[in-house]
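Under mature numbering (1 follows the signal peptide of the UniProt record, and there is no 0), residues -22 to -1, 1 to 224 are what the sequence shown spells out, in order.
Glycine is no exception: its CB is placed at the ideal position from the N, C-alpha and C atoms.
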Amino acid sequence: MRPIAFFLSSLFIFLMTYSVKAADCNIDKLWRVSFGLTPGITEPGKKSPMVNFVSELADDIGVKLTYEITPFRRSIISVSVGRADMHLPMLQADDRAFIDENLMYSEATFFEVPFYVYTSSERNSLDSDYEDELKTIETEAKHAHFFPFPVIESDCIECSLRKLMLGRIDAFIYAEQTTEKTIKKLGLEARIRREFYRAFPAKAVIRRNECGEKLDQILSKLVPSKRSNAIHPAFRPKANSSVESN
């Protein structure tokens, strides 16, 4: 078979297979969920808070749930190629609903993650325009694009906090829970000043197709009411959050 003929034949088979899968939306009966490995929220080997929360959602409407817990990148790819119906959790950094040509964020917010600006306790309280006041701000590398001002990428939270104490950087900005654990580990509780930055919504990543839109509508109805009665505090709407739970 000539190369061009082989290519066209393969493309036809792929498109036919994709069309069958796209048309065969089984979201009313089965949720295939891929959880990104997140310490304290989704961890392998036990039923973690995020898994419990989604399991309860599925039980509420009589849907079967299958799931896996994998590294984030692999989890998102599983949704992109159609092996999973949704990935959880994913922080939304801005108001864009679409991630790329294949994926979008859910409208529903599952929980919020507060970010704080950490500075030395010797520094005065920050002004509202502290971006001009702080010249060197570090953050965890994967979240550098979250901020509308220049930040320095860091692959080591502990290293950044030590640099902060030595005066080598002006501030560190990152998620409260993870940062506070490291601060406690280093015994720096009394030497760090904390200022709330904002809370980022944690959402599901779903396919940008008819089946994904159907799942999005289901989640938009289920998640808010489930959050209002959530047992685990991570899923309860935060009173001081700037994020609205959709």
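Same chain, Cβ closer than 6 angstroms to residue i, five either side skipped, listed in chain order
i, result
"Ala86", "Leu197, Ser198, Val201, Asn224"
"Cys3", "Cys189"
"Ile5", "Cys189, Lys192, Leu193"
"Phe124", "Ala71"
"Ala208", "Arg214"
"Ala36", "Trp9, Leu43"
CA nearest to the CA of residue i, picked from the options
i, options, result
"Gly14", "Ile47, Val29, Asn4", "Ile47"
"Leu139", "Phe125, Thr156, Phe127, Pro128", "Thr156"
"Pro128", "Leu144, Leu8, Ile151", "Ile151"
"Ala122", "His210, Arg169, Glu131", "Glu131"
"Ala212", "Trp9, Leu166, Gly18", "Gly18"
"Gly40", "Met68, Gly23, Trp9", "Trp9"
"Arg146", "Glu158, Lys113, Asp133, Phe125", "Lys113"
"Asn80", "Val11, Asp73, Val57, Val91", "Val57"
"Tyr90", "Ile115, Glu111, Asp110, Pro67", "Looking at the sequence shown, residue 90 is not Tyr but Glu. Checked all of Ile115, Glu111, Asp110, Pro67; the closest Cα to Glu90 is Pro67."
"Glu116", "Asn102, Asp110, Cys134", "Cys134"
"Val32", "Lys216, Lys7, Gly23, Val11", "Val11"
"Lys141", "Leu166, Ala153, Phe125, Gln70", "Leu166"
"Glu111", "Asp38, Asp148, Ser84", "Asp148"
"Ala153", "Arg74, Lys120, Leu144", "Lys120"
Own chain partners of residue i with C-beta closer than 7 angstroms, once the 5 adjacent residues on each side are dropped
i, result
"Pro76", "Note that residue 76 is Phe in the sequence shown, not Pro. Same-chain partners within the cutoff: Met82, Arg186."
"Thr20", "Phe13, Gly14, Ser26, Met28, Val29, Ile47"
"Met161", "According to the sequence provided, residue 161 is Ile. The question's Met does not apply to it. Closer than 7 angstroms at the Cβ level, and outside the excluded window around Ile161, lie Leu139, Glu167, Ile170."
CB contact check: residue i to chain B, cutoff 9 angstroms
i, result
"Leu66", "The displayed structure is made up of one protein chain only, and chain B is not part of it."
Opposing strand residues paired with residue i [DSSP bridges]
i, result
"His65", "Ser12, Val183"
"Met28", "Answer by DSSP bridge pairing: none, since Met28 is not bridged."
"Ala177", "Pro92"
"Ser98", "Ile170"
"Lys42", "Leu8"
"Phe76", "Met82"
Nearest-angstrom Cβ-Cβ length linking residue i and residue j, presumed shorter than 8 angstroms
i, j, result
"Glu136", "Leu164", "7 angstroms"
"Phe88", "Arg176", "Actually they are not in contact, since the Cβ atoms of Phe88 and Arg176 sit about 17 angstroms apart, beyond 8 angstroms."
"Glu34", "Lys159", "That belief does not hold up - the Cβ atoms of Glu34 and Lys159 are roughly 27 angstroms apart, past 8 angstroms."
"Pro215", "Gln70", "16 angstroms between Cβ atoms; not a contact."
Other residues of its chain near residue i: CB distance less than 8 angstroms, five sequence neighbours each side excluded
i, result
"Thr44", "Leu8, Trp9, Arg10, Val11"
"Lys(-2)", "Because the pLDDT of Lys(-2) is 48, which lies under 50, any placement of that residue in the model is unreliable, and the question is left without a value."
"Ser206", "Arg214, Pro215"
"residue 274", "Here the chain covers residues -22 to 224 and nothing more, so residue 274 does not appear."
Sufficient close CB pairs (3 or more, under 8 angstroms) joining the region 169 to 186 to the region 41 to 61: yes
Meets three-Cβ-pair contact criterion under 8 angstroms: the region 95 to 108 and the region 59 to 68: no
Inter-stretch contact (C-beta, 8 angstroms, three-pair minimum) for the region 168 to 177 and the region 91 to 105: yes
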